[in-house]
Amino acid sequence: MVRLPALRSCCIVFLLTIVAVFAACNSSSPQSTFDAAGPVAREQLRLFWIIFWAAMIVFVLVMAVMVYSIIRFRRRPTDGIPNQVHGNAVLEIIWTVVPIILLIGIGVITVKTLFDLDQPPSSDPLRVEVWAHQWWFEAAYPDYSITTANEIYIPVNRDVSVKLMSNDVLHSFWVPKLAGKTDVVPGRVNEQWFRADEEGVFYGQCAEFCGTAHALMKFLVIAVPETEFNLWLDQQRLPAVIPTELAKVGATLFNTKGCIVCHSVGGADSNEIRESRSGAFLAGQMVSHGPNLTHFGSRDVFAGAIMEVNEENLKKWLQDPEALKPGNRMSSLAGAFNDPAMELSTSDIDALVAYLLSLK
Ligand code: CUA
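In the working numbering, the protein residues as written are 486 to 845.
Below you can see the structure in the form of structure tokens.
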């Protein structure tokens with residue numbers, strides 16, 4: 486007989502497990518795949534439910550037969566040696582053929598979904614080129630000469646075709662509410678498409694372990710109405726303005742402290758710029774390709790979308806980036822954080838922050 490305290494602890498463990506399991510299923514979580522916001526994610530969710538319920542039915546049937554057999558055919562004290570049997574052809578055929586039919590069915594539905602979702606239905610999707618870097622995402626809009634970082638603006642109800650590239654290590658591009666994961670592989674171009682059919686901010690995340698700051702490699706997909714998107718495009722194509730005196734001091738420091746070596750501010754980055762910086766890094770120089778800052782002040786987040794853009798956060802970032810995002814390239818490569826002669830004073834930081842925030 487089970488003793489009461491043991492039974493009670495079993496119940497508590499069971500209930501805690503249930504709570505933990507169901508807490509993960511909260512569809513209002515920002516990265517829940519159970520709250521699809523576009524056709525690609527919805528189709529993938531549909532496939533998940535088909536497979537889930539097929540597996541659930543099999544599980545319940547097998548468990549029911551097993552529990553029944555355990556109880557009905559358990560050994561009793563009066564039993565002698567049971568009948569010796571050597572298999573049952575009918576049963577064996579059933580439990581071989583039924584799973585084969587089930588797996589073929591699931592295979593057909595899965596492959597059909599893969600083919601259905603291979604290309605965007607629209608002939609004129611918004612084209613976005615995404616570069617995954619250690620440890621942030623860069624987005625370029627080749628039709629509009631725009632390069633941005635950590636945020637991807639898209640219009641609602643329009644197909645978005647994304648080219649995925651990396652020139653360091655493997656990453657994976659994932660916006661759970663819009664589409665499944667696609668690996669980003671150095672040396673090849675992978676593609677994905679999605680569409681948001683509601684406005685909103687959708688959280689994305691690198692989903693392949695890619696080094697120290699992998700968990701801090703996030704990004705946002707911001708879906709806005711077409712008119713608002715066009716305004717964003719216009720604003721991103723204007724030259725950035727530097728109105729205040731303090732911001733002008735910051736602009737000078739941005740050059741003299743060497744920030745400009747890794748970060749562009751004068752418009753979009755070309756592939757040549759990206760490759761030459763990455764090549765220099767691989768050759769052991771104190772250079773890496775950093776986020777394009779042309780319109781930094783217009784962004785909501787920075788540093789792999791882990792922090793909100795505001796004066797306080799930027800000051801903290803420029804004081805000690807390593808404390809906020811361990812492993813980031815800037816803290817190990819930039820002169821300001823490695824060469825005492827180049828160190829940033831409090832007034833330098835104030836001026837740089839004013840400059841960065843003025844880049845609207
Ligand atoms: Cu990039 Cu993980």
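Glycine included, each C-beta is placed from N, C-alpha and C at the ideal position.
Predicted, not measured: the structure shown is a model, and the values here were computed from it.
Can residue i be considered in contact with ligand 1, in the sense that its beta carbon sits closer than 6 Å to one or more heavy atoms?
i, result
"His699", "yes"
"Met650", "no"
"Glu693", "yes"
"Met864", "Summary: the structure shown does not reach residue 864, with the chain confined to residues 486 through 845, and so no result is reported for it."
"His618", "no"
"His656", "yes"
What is the residue span of the alpha helix (DSSP H) that residue i lies within?
i, result
"Arg531", "Pro524 to Arg557"
"Lys845", "Looking at the DSSP string, Lys845 is not in any alpha helix (DSSP H), and its letter there is neither H nor E."
"Gln720", "Glu711 to Arg722"
"Arg561", "First-last for Arg561: undefined, no H or E at that position."
"Gly820", "Gly820 to Asn823"
"Asn798", "Glu796 to Gln804"
In terms of residues, what are the limits of the beta strand (DSSP E) holding residue i?
i, result
"Phe679", "Asn675 to Phe679"
"Val686", "Gly685 to Cys691"
"Ala698", "Run containing Ala698: none; DSSP gives neither H nor E here."
Taking Cβ positions only, does residue i come closer than 7 Å to chain D?
i, result
"Leu501", "Of the protein chains in this structure there is only one, and it is not chain D."
So residue i and residue j are in contact, right, with Cβ under 8 Å, and what is the actual spacing, rounded?
i, j, result
"Asp653", "Ser763", "7 Å"
"Met702", "Gly775", "Incorrect: roughly 14 Å between the Cβ atoms, too far for contact."
"Ser539", "Leu599", "It should be noted that the sequence gives Ala, not Ser, for residue 539. Contact flag wrong, Cβ pair sits at about 18 Å."
"Leu705", "Val686", "5 Å"
"Gly523", "Ala698", "Rounded, the Cβ-Cβ distance is 28 Å, inconsistent with contact."
"Tyr626", "Val613", "6 Å"
"Asp785", "Glu636", "7 Å"
"Glu676", "Ser646", "7 Å"
"Lys666", "Ala521", "The pair is not a contact, with the Cβ atoms about 14 Å apart (cut-off 8 Å)."
"Ala526", "Ala664", "6 Å"
"Trp659", "Gly689", "6 Å"
"Leu844", "Gly743", "Not a contact, Cβ separation roughly 18 Å."
"Ile631", "Gln721", "5 Å"
"Leu602", "Glu693", "Going by Cβ atoms, the distance from Leu602 to Glu693 rounds to 20 Å, so no, they are not a contact pair."
"Val670", "Lys648", "So it is not a contact: roughly 12 Å between Cβ atoms."
"Asp833", "Leu738", "6 Å"
"Trp534", "Pro610", "That belief does not hold up - the Cβ atoms of Trp534 and Pro610 are roughly 27 Å apart, past 8 Å."
"Ser761", "Arg814", "The Cβ separation is near 16 Å, so there is no contact."
"Ala634", "Asn777", "6 Å"
"Leu767", "Glu796", "Rounded, the Cβ-Cβ distance is 35 Å, inconsistent with contact."
### Query
Residue ranges of each beta strand (DSSP E) run of no fewer than 3 residues wholly in the region 614 to 681, ordered along the chain?
621 to 626, 631 to 634, 636 to 640, 645 to 651, 656 to 660, 664 to 669 and 675 to 679
### Query
Counting pairs of beta carbons, one from the region 613 to 630 and one from the region 575 to 585, are three or more of them closer than 8 Å?
Output reads no: the region 575 to 585 does not touch the region 613 to 630.
### Query
Are the region 747 to 759 and the region 823 to 837 touching, with three or more C-beta to C-beta distances below 8 Å?
no
### Query
Can at least three beta-carbon pairs, one atom from the region 695 to 710 and one from the region 636 to 652, be found at a separation below 8 Å?
yes
#### Entry: In chain order, each alpha helix (DSSP H) run of at least 4 residues that lies wholly inside the region 742 to 783
756 to 767
### Query
Is the region 837 to 844 touching the region 796 to 807 in the sense that three or more CB pairs, one from each, lie closer than 8 Å?
yes
#### Entry: In chain order, each alpha helix (DSSP H) run of at least 4 residues that lies wholly inside the region 563 to 618
Within the region 563 to 618, complete alpha helix (DSSP H) segments of at least 4 residues are found at 574 to 601, given in chain order.
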